[in-house]
Every structure is written in C-alpha cells, then in structure tokens.
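Protein chains in written order, with the numbering used here: chain A, 1 to 357; chain B, 358 to 714. A quick write-up on the structure given underneath.
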C-alpha cells in the first residue's frame with residue numbers, strides 16, 4: 001500500500017512537537033556517530049595508513065565493514081548537521097554555528113573516496129553499455145555475458161576506460177589518504193569530542209522547552225517547495241527536451257550552472273527528510289514518493305559529476321583521437337542521464353503533488 | 358477538428374475501387390513528373406555542369422526553383438514506383454518490373470545531393486545548440502542571438518564543424534555532379550520516355566478492369582501494421598531508455614542494425630500513404646496521426662545518418678583530440694535524437710491505434 005504521509009510536519013491537526021524530540025534525535029545520531037567511529041577504527045580502516053596504500057586499487061582500500069562504518073558515520077554527521085540547521089533557534093548559537101562547518105568538512109572528506117569509486121564504476125559501466133556488450137544477448141558468445149568482455153570494446157572505448165581508471169583511481173587513493181589523515185587529525189578529535197558531548201547533553205537555549213518544532217519543520221518543507229517551484233519542471237517533464245546537453249561543447253570547464261538548482265533541491269529534500277525523521281521519531285513512515293524524488297536527484301548529481309569527469313579526462317594532453325571520441329560519447333551519454341534523472345524527478349514530484357492536494 | 362479517416366482503404370463498407378483510380382493516379386503522377394522535369398531544365402539546374410560547379414558550396418548549387426523542381430520530380434517518381442509495387446497484379450509485369458528499379462535509381466540519385474546538404478545543416482545546428490549558443494538568451498550579448506556566433510564554439514566544436522563542412526560539402530558537390538550526369542544520361546532518357554508513355558496510357562493487365570483495388574491497398578496497410586508490431590514499441594515508449602546509443606562505441610562501422618526495422622516501417626508507411634492518396638483521389642483527407650508518425654520516422658532516418666556521418670568524420674586520420682571529442686558528443690547527441698524520434702513515433706502511433714479500435 002502506498003504511504004499517504006506526505007508532509008506531516010506541517011499537519012495542523014497534530015499536536016505540538018517539543019524540543020525533547022530534537023534532543024532525542026540529536027542524542028541518537030550522536031550515539032550512532034560514535035558507534036560508527038568505533039567500528040571504523042576496529043575494522044582497521046586506518047591500518048597501513050596513506051603510504052602503504054598509495055597504490056591501492058578500486059575495491060581494495062578498506063574492508064566492507066570499514067566502508068559501511070564510514071557510510072554510517074557520514075549518515076549521522078549529515079543528520080546532526082541538518083538538524084542543527086533546521087532547528088537553529090532552539091540550539092546554543094555559538095556551539096551550533098561552530099559545529100556545522102566541522103561536520104560538513106568531515107562528511108565531505110569521508111564522502112570523496114566513495115564518490116570517486118562510484119564515479120569510476122558508473123563510467124566503466126556506461127562504456128560497456130555503449131559498446132553494446134551488456135544488452136545484446138546475441139553478442140554473448142559464452143555463458144558469461146555480463147559483465148561484458150573487454151574484447152567487445154573498441155580501442156577508443158578501452159583506452160578511455162583505462163584513462164578514467166587511472167585518473168579516478170588516483171583521485172580515490174588520494175581521497176582515501178586524506179580521509180585517513182583527517183580521522184587522525186586534532187581537528188577531527190575536536191569534532192568527535194563535540195559529538196560525544198552531544199550524545200549526553202544537547203545544548204538547548206533557555207527558550208527551547210517552550211518552543212514548538214512544527215513551524216521550523218514546516219519552514220524546511222517550504223524552502224524545499226519553493227526551490228522545486230523554481231525548477232524548469234515543465235521542460236523536464238517533456239521527454240527528450242535536449243536541455244541537459246546544451247552546454248555539452250561550451251568552452252566553460254566549470255560545472256554546468258544549469259545543474260545548480262537541482263543540486264540545491266537535493267540538499268533541501270534531504271533536510272526535509274531529516275526533519276520528518278525527527279518529528280516522527282521511530283515511527284517515521286517511508287514516503288515512497290519522497291524516496292523516488294531523492295533517488296532521482298542522487299542520480300542527477302552522480303551523472304553530472306561523471307559527465308564532468310569524462311570531459312575533464314578528454315582534456316588530458318596527448319590522448320589519441322579515438323580516446324577523445326569515446327570520452328565525448330560518454331560525456332553526452334551521462335548528460336542524457338542527467339536529463340533522464342530530471343524527468344524521473346518531475347514524474348515522482350508530480351505524483352506527490354497530486355496526492356498532497 | 359481531428360480527422361477520423363484512418364485506414365479507409367480497408368473500410369469494408371465503402372464500394373469497390375476500380376483500376377480507373379490506379380490509371381488516373383499514375384497518369385497524374387506521370388504528368389507531374391514530366392512537368393517537374395521541364396521546370397528543372399528551364400531553371401537551369403544543368404547550367405555549367407559538374408566541372409564548373411565542382412567547388413560550389415552549400416546553398417549555391419542550384420536555384421530555389423531547380424531545388425523545388427528536383428523535389429517534385431522525386432516526389433512523383435516515388436509515387437509511381439510505390440503504386441507499381443502495391444498494385445502490381447493489375448499492371449503489365451514486364452513493364453512494371455523493368456520500371457521500378459529505374460525510378461528508384463533516379464530518385465535515389467536526385468535525393469543524395471539534398472540529403473548531404475540537410476545532413477550538414479542538421480549537424481552544424483546541433484554543434485551550435487551543444488555549444489549553448491542558440492538556447493540560452495542570457496548568453497546573447499547583442500540583438501542577433503540566432504544563429505549563434507562562431508565565437509561561442511570551443512576550438513573542438515569549431516574544428517568539428519569545419520571538418521563536417523568539408524566532408525559533406527564535398528559529398529554534396531559530387532552528388533550534384535552525379536545528378537546532373539544522370540539527368541543527361543541515356544538511362545534517364547529511357548526512364549523519361551517510359552513515364553511519358555505512362556502519362557497517356559497505363560499498361561494494365563486484361564484482368565485489371567474487373568479487379569477491386571481495395572484488397573491490395575489493405576495488404577499494403579497490413580504490411581505496415583505487421584512491421585510496426587515487430588518494432589520494440591514498449592521500449593520506445595519508455596522515455597530515456599538509452600537503447601539508441603547501445604552501439605555508440607561498438608567497433609562495427611556499418612549502419613546500426615537496430616535502425617533497419619524503423620527504416621523499413623518508414624518505407625511501408627509511405628507506400629500506405631500513397632495507396633490512400635490513390636484510393637481517395639483528390640479528396641484524400643490529411644491524416645494528422647499518419648503525418649506525425651511519418652515525420653518521426655523521417656527524423657529518425659535523418660538523425661541516424663547524421664550520427665553516422667559524425668562517427669565517420671571522427672575516423673579521419675590526424676584530427677585533433679578536441680575535434681574527435683566534439684564529434685563524439687555530436688554522435689551521441691544524434692543517436693539520442695534517434696531515440697527521441699522513436700518515442701515520438703510510438704506516441705503518434707499509439708494515438709492512431711486508440712482511434713482505430
């Protein structure tokens with residue numbers, strides 16, 4: 001059955017939500033943060049350190065446990081940071097304003113290693129798909145049709161894959177070292193100490209106990225709704241509008257400005273989601289439409305960054321024309337993924353709007 | 358108001374259509390053929406001949422009148438040839454089987470010049486669009502925002518444009534020479550003589566006057582319906598299915614085999630359309646859905662050939678990586694146009710099917 005809970009934090013018929021909910025949520029996330037941190041240390045993510053792992057390749061730098069621990073760490077850091085933002089007026093201003101950039105630094109540093117790995121996987125998968133290996137069963141000569149054998153790739157596609165592998169694996173290794181360094185830094189220890197304090201005592205303002213959280217959660221929902229309203233959703237709902245590739249060949253090497261509002265909505269959707277979790281507590285029902293919209297925006301971000309990585313690889317000096325050609329096809333393919341993700345978001349969001357009305 | 362006439366040649370309630378309709382249609386098309394040929398000669402398309410025009414550029418080889426005369430010539434040649442095919446049993450077999458390949462040769466030869474010009478225009482337009490010049494009004498500094506100033510193109514896009522311009526203009530010039538040569542050949546004069554005979558006397562079989570054309574027209578409609586049923590329309594109706602680019606990087610340089618069934622439907626749709634014209638006579642109502650489906654298939658063909666031209670330009674020896682990259686983006690863009698055209702066809706065809714049922 002589809003969930004009907006859509007924007008419950010703004011539901012005017014529900015009773016007030018007090019600062020106890022905020023304190024409870026922050027304490028739980030802080031506890032989760034500390035647990036993940038302990039797990040991350042125990043699973044030996046720091047073993048060897050940057051020098052010994054400098055040449056580590058995709059999939060080798062960190063066990064599955066340490067990867068999942070790092071993910072859990074980022075997950076709780078984002079939730080703490082998001083709640084500090086949404087419910088700012090209830091929290092000690094100096095403390096919360098000092099904490100947020102530190103949490104952002106931490107989760108950003110931890111996220112990069114994973115992001116480079118995922119980007120490489122996405123791009124290599126697309127190269128295989130574009131070589132017609134993964135989807136045409138008639139081309140599969142043996143039992144092992146997927147993943148595609150490298151022999152099906154053209155020289156250009158194979159070289160493009162090797163170049164991306166080199167560049168993104170290097171970036172990933174560097175990100176891994178940076179993450180390990182960060183986790184050993186005094187800056188990190190200060191963040192961990194702050195979170196440890198948060199796990200036992202949330203620094204609320206004197207007025208907090210008398211404050212209803214609902215208007216603040218509603219404001220987060222409104223910021224999301226306003227940002228979505230500013231998106232070009234009519235265009236996005238028109239399949240094959242060819243908008244995402246409009247700057248595919250522009251001289252500008254910076255990230256595409258047309259992506260920014262979508263990235264912004266992604267962040268606001270996340271804040272809204274965390275606010276919902278906080279307001280509902282353990283009973284927070286899954287909102288499948290919110291989930292679909294969020295997944296579309298993640299895909300949007302991933303494809304945009306993959307497209308940009310392909311374009312940037314194509315600027316490597318002295319590459320063969322065939323390599324550059326394959327990277328051009330790959331760039332355009334990922335920009336179309338961007339467009340497809342916008343379409344998917346529009347479809348998911350439209351459904352939600354209809355249900356809400 | 359939307360036209361409700363969808364598949365009238367198969368309408369069982371209408372009266373029989375006799376061979377008079379076929380003879381009248383063929384005579385009219387033959388007359389039109391001869392008129393266009395006269396006009397083509399009078400507008401001086403043959404002036405100068407191949408040597409003098411060898412370096413003619415896009416838009417210079419032939420006046421607007423001679424271009425429209427050539428188009429009218431092709432148009433009637435296609436209609437004669439199509440009718441000979443659909444209503445074969447009513448026509449003298451030797452004569453009609455001898456005539457069809459000659460008409461195909463003629464309209465193919467005449468079509469090539471136009472096709473190369475249109476392909477170049479499509480590709481240069483796409484390069485401008487991909488450089489973000491034509492669609493972003495904020496980038497337009499002056500009053501003349503369209504067509505985009507060359508200054509907005511990257512070096513790669515500009516070089517790719519220049520390369521395509523060189524290659525397709527050369528091909529176009531050669532096609533122009535070949536067309537002029539064809540129009541002066543004894544082979545052409547033999548075709549023109551046959552058409553002149555057709556304009557006065559259609560070589561029907563003795564049994565033709567007693568034959569009802571409707572089953573033959575219905576068979577043409579059935580061939581179309583069957584071919585459409587074999588298309589992957591479920592996939593095509595799913596926006597952003599990413600199927601058209603599946604061989605975007607495959608080693609095969611031949612036209613994409615996945616396009617062939619769509620090209621075949623395009624031809625069958627045309628035969629069905631000509632049969633409708635013939636059955637209705639001058640009263641033939643416009644079927645907007647058939648029109649939309651046909652336009653989508655034309656777009657499909659044009660984009661497929663443009664994508665192939667971009668891929669083939671990228672195989673030019675010694676091009677710069679930036680040029681190859683731009684051609685890769687362009688290739689992928691046109692393959693997405695192919696996918697978009699399939700979606701458009703699916704949408705148009707679905708509408709038609711619903712109305713017919």
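Every residue, glycine too, gets a C-beta built ideally from N, C-alpha and C. Predicted model only: the values in this text are computed from it and were never measured.
For the region 659-683 of chain B, residues whose beta-carbon sits nearer than 9 Å to a beta-carbon of chain A comprise 668, 671, 672, 673, 674, 675, 676, 677, 678, 679, 680, 681, 682, 683. Under the 8 Å criterion on CB atoms, residue 700(B) is classed as interfacial with respect to chain A.
Judged by beta-carbon spacing, residue 606(B) lies within the 8 Å limit of residue 127(A), meaning their Cβ atoms are closer than that value. Secondary structure of residue 185(A) (DSSP, three-state): coil. Straight through space, the alpha carbons of residue 332(A) and residue 301(A) are spaced by roughly 15 Å. Look at residue 200(A) here: in three-state DSSP terms it is helix. Within the region 473-487 of chain B, contact with chain A at the beta-carbon level (separation under 8 Å) is assigned to 484, 486, 487. Residue 202(A) sits away from residue 41(A), with the two beta carbons spaced by 8 Å or more. Residue pairing by DSSP places residue 510(B) opposite 250(A) in a beta bridge.
Contact annotation: the region 320-329 of chain A touches the region 671-682 of chain B, with at least three C-beta pairs closer than 8 Å. Secondary-structure assignment with DSSP links residue 91(A) through a beta bridge to 204(A). Residue-level contact by beta carbon holds for residue 688(B) and chain A, with a gap shorter than 8 Å. The beta carbon of residue 190(A) sits closer than 8 Å to the beta carbons of 102 from its chain, once the five residues preceding and following it are set aside; these are given in chain order. Residue 328(A) belongs to the set of residues whose beta carbon lies under 8 Å from a beta carbon in chain B.
Ranking 18(A), 25(A), 347(A), 16(A) by CA distance to the CA of residue 277(A) puts 25(A) first. Residue 451(B) and residue 129(A) have their C-alpha atoms spaced approximately 50 Å apart. From the listed residues 124(A), 111(A), 195(A), 218(A), the smallest Cα separation to residue 175(A) is found for 111(A). Membership of residue 20(A) in the alpha helix (DSSP H) is indicated by the continuous run 19-42. Under the three-state reduction of DSSP, residue 259(A) is assigned to helix. Put simply, the CB of residue 374(B) is far from chain A, with every gap to its CB atoms at 8 Å or more. Using a CB distance below 8 Å, no part of the region 210-235 of chain A faces chain B. Between the region 425-445 of chain B and the region 613-620 of chain B, the count of C-beta pairs closer than 8 Å stays below three; the two stretches do not touch.
Taken atom to atom, the span from the alpha-carbon of residue 208(A) to that of residue 157(A) is near 59 Å.
Listed along chain B, the residues sitting closer than 7 Å to residue 239(A) by beta-carbon distance are 596, 597, 700.
The C-beta of residue 520(B) comes no closer than 8 Å to any C-beta of chain A.
Counting the other Cβ atoms within 10 Å of the Cβ of residue 455(B) gives fewer than 16, which makes it exposed.
Leaving aside the five residues that flank residue 603(B) on each side, none in its chain has a CB nearer than 6 Å to its CB. DSSP places residue 598(B) in the coil class of the three-state scheme, outside both helix and strand. By the neighbour-count criterion, in which a residue is buried when 16 or more other Cβ atoms sit within 10 angstroms of its Cβ, residue 271(A) is buried. Following the DSSP letters along the chain, one finds residue 222(A) inside the alpha helix (DSSP H) bounded by residues 214-229. By the CB criterion at 8 Å, residue 273(A) and residue 17(A) fall outside the cutoff. In the DSSP assignment, residue 82(A) falls within the alpha helix (DSSP H) that extends over 64-86. Contact between residue 386(B) and residue 436(B) holds, with the beta-carbon distance rounding to 5 Å and staying under 8 Å. Contacts between residue 513(B) and chain A, judged by CB atoms closer than 8 Å, involve 249 in chain order. Counting only residues of its own chain and dropping the five nearest sequence neighbours on each side, residue 440(B) has a CB closer than 7 Å to the CB of 379, 382, 383, 631, 635. DSSP, reduced to helix, strand and coil, places residue 177(A) within a helical segment of the structure shown.
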